[in-house]
Amino acid sequence: MNTDVAKGRASSKDTVRIAAISDLHCRRDSKPWLRPVFEQIAGEADILVVCGDITDWGRAGECEVFLKQAAPVLQKIPVLAVLGNHDVESGKQDELVEQLLSAGVSMLDGNSLTVGGVGFTGVKGFGGGFGKMAVQPLGEGAVKNFVSESVLEAQKLEAGLSALNQKLPRIALLHYAPIRETVAGEPLELFPFLGSSGLEEPVNKYAATAVFHGHAHAGSLEGKTSANVPVYNVCASVLKKRFPGRPPFFVLDVPVGSGVSPQTGCRAPTCPTGCAGGRSEGSPHRLPSDVFTVVSSRPVKNERGFS
Ligand SMILES: [Fe+2]
Ligand SMILES: [Fe+2]
Numbered sequence: 015m016n017t018d019v020a021k022g023r024a025s026s027k028d029t030v031r032i033a034a035i036s037d038l039h040c041r042r043d044s045k046p047w048l049r050p051v052f053e054q055i056a057g058e059a060d061i062l063v064v065c066g067d068i069t070d071w072g073r074a075g076e077c078e079v080f081l082k083q084a085a086p087v088l089q090k091i092p093v094l095a096v097l098g099n100h101d102v103e104s105g106k107q108d109e110l111v112e113q114l115l116s117a118g119v120s121m122l123d124g125n126s127l128t129v130g131g132v133g134f135t136g137v138k139g140f141g142g143g144f145g146k147m148a149v150q151p152l153g154e155g156a157v158k159n160f161v162s163e164s165v166l167e168a169q170k171l172e173a174g175l176s177a178l179n180q181k182l183p184r185i186a187l188l189h190y191a192p193i194r195e196t197v198a199g200e201p202l203e204l205f206p207f208l209g210s211s212g213l214e215e216p217v218n219k220y221a222a223t224a225v226f227h228g229h230a231h232a233g234s235l236e237g238k239t240s241a242n243v244p245v246y247n248v249c250a251s252v253l254k255k256r257f258p259g260r261p262p263f264f265v266l267d268v269p270v271g272s273g274v275s276p277q278t279g280c281r282a283p284t285c286p287t288g289c290a291g292g293r294s295e296g297s298p299h300r301l302p303s304d305v306f307t308v309v310s311s312r313p314v315k316n317e318r319g320f321s
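For what it's worth, the numbering used here labels the leading residue of the sequence shown as 15, then goes sequentially.
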């Protein structure tokens, strides 16, 4: 089901500013530092997306900590989220989802919705590995089940992407990575458990505008799929390492409105999907000094001078 949701400032601008954060791993006794981070997000962004591992053990008390710290955001802008593997650790994920939904968080698990002219879908995802080294469904039943779970998550992602208006920008939220590039930095032995190329296929097929994921705490911030869709690993630990001393959230400005290309929903000057859209005037984007900003397909280093 594709539901249209709009509140806050999201529906009244040519550019929708999406803040992304992941892997907060809230525990019952932690995270007072999150409050000012969420206050800043509420002041800067139109939408917040959370890419899983909201909790450390998937417990209601931990989720309560997250919701308490995130209150400034929840009161002001739409918040969308997927679960992570830690959120299902206790087998209480259904209760966790109800808790988050009751607090106003839009939970994505193969469903889709549109916020302020931007389409969103998401799934937790699963492991399986990447490219030619991906785990194959051969031999033991346990291996086949492992691969089957990965395929199921990819199918849900495809269903979500296919339900979105293809004329609008489309954002995919994942916990597990869809490409190898953004898990680089983790031990090689962990790669099959950090993501799956199966998630990349629907992203390419439906020419998503961008993908956010988490899970790979020691991974890399940016990458692109084989079809040049930008992928961002927004783990708090990745952002803290890449941008020391700055609040660990990531910002993407997505152009929306009358100039949106009918082919891809994108009017970025150098669209990652190769669409016919194009902006002839100068940059419409502002670059706040205290948040990470990526403008459409441009890499962070081009905008902020990072190498
Ligand atoms: Fe995590
Ligand atoms: Fe995780």
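The C-beta atom is built at its ideal place from N, Cα and C for all residues, glycine as well. Every value quoted in this text rests on a predicted model; they were computed, and no experiment measured them.
Which residues mark the beginning and the end of the beta strand (DSSP E) in which residue i is found?
i, result
"Asp108", "Run containing Asp108: none in the beta strand (DSSP E); it sits in the alpha helix (DSSP H), 107-116."
"Phe264", "264-269"
"Ala85", "No beta strand (DSSP E) contains Ala85, which is instead part of the alpha helix (DSSP H) from 85-88."
Taking all protein chains shown into account, do 16 or more other C-beta atoms lie within 10 angstroms of the C-beta of residue i, making it buried, or fewer, making it exposed?
i, result
"Asn164", "Before going further, note that residue 164 is Ser rather than Asn in the sequence given. Burial call: buried."
"Glu154", "exposed"
"Gln83", "buried"
"Val129", "buried"
"Glu254", "It is worth fixing the name first, because residue 254 is Lys in this sequence and not Glu. Counting Cβ neighbours within 10 Å, Lys254 comes out exposed, since fewer than 16 surround it."
"Asp43", "exposed"
"Thr287", "Low confidence applies here, because Thr287 scores a pLDDT of 31, under 50, leaving its location unreliable; read the following figure in that light. Result: buried."
"Leu266", "buried"
"Val161", "buried"
"Gly75", "exposed"
"Glu112", "exposed"
Does the distance from the CB of residue i to the CB of residue j come in under 8 Å?
i, j, result
"Tyr246", "Leu235", "yes"
"Ala250", "Gly199", "no"
"Gly133", "Leu62", "no"
"Asp67", "Gly105", "no"
"Ala173", "Ala230", "no"
"Leu175", "Thr223", "no"
"Ser120", "Val93", "yes"
"Phe226", "Ala33", "no"
"Cys77", "Gly228", "no"
Express the C-alpha separation of residue j and residue i in angstroms, rounding to a whole number.
i, j, result
"Met147", "Asn218", "19 Å"
"Leu114", "Gln107", "10 Å"
"Lys138", "Asp123", "7 Å"
"Arg73", "Leu127", "27 Å"
"Asp101", "Glu203", "23 Å"
"Gln180", "Ala186", "13 Å"
"Gln89", "Asp37", "22 Å"
"Thr69", "Phe80", "8 Å"
"Gly291", "Asp28", "In this prediction, Gly291 has a pLDDT of 30, which is less than 50 and means its spatial position is unreliable; nothing more can be read from the coordinates."
"Gly141", "Phe207", "4 Å"
"Ile55", "Leu166", "33 Å"
"Pro258", "Leu152", "44 Å"
"Gly209", "Ile193", "7 Å"
"Cys40", "Arg260", "19 Å"
"Pro262", "Gln169", "31 Å"
Specify, as a first and last residue, the run of the alpha helix (DSSP H) that residue i falls within.
i, result
"Arg31", "First-last for Arg31: 29-35, but that is the beta strand (DSSP E), not the alpha helix (DSSP H)."
"Lys238", "Here Lys238 belongs to no alpha helix (DSSP H); instead the beta strand (DSSP E) covers 236-238."
"Asn99", "Run containing Asn99: none; DSSP gives neither H nor E here."
Give me the Cβ distance between residue i and residue j, rounded to the nearest whole Å; I'm assuming they're in contact under 8 Å.
i, j, result
"Leu171", "Val96", "So it is not a contact: roughly 10 Å between Cβ atoms."
"Ile35", "Asp60", "In fact, because the Cβ distance is near 15 Å, the residues do not count as touching under 8 Å."
"Val197", "Gly131", "Their Cβ separation, rounded to whole angstroms, is 31 Å, which puts Val197 and Gly131 out of contact at 8 Å."
Within 8 Å (strictly less), CB to CB, does residue i reach chain B?
i, result
"Gly72", "No chain B is present in this structure, which holds just one protein chain."
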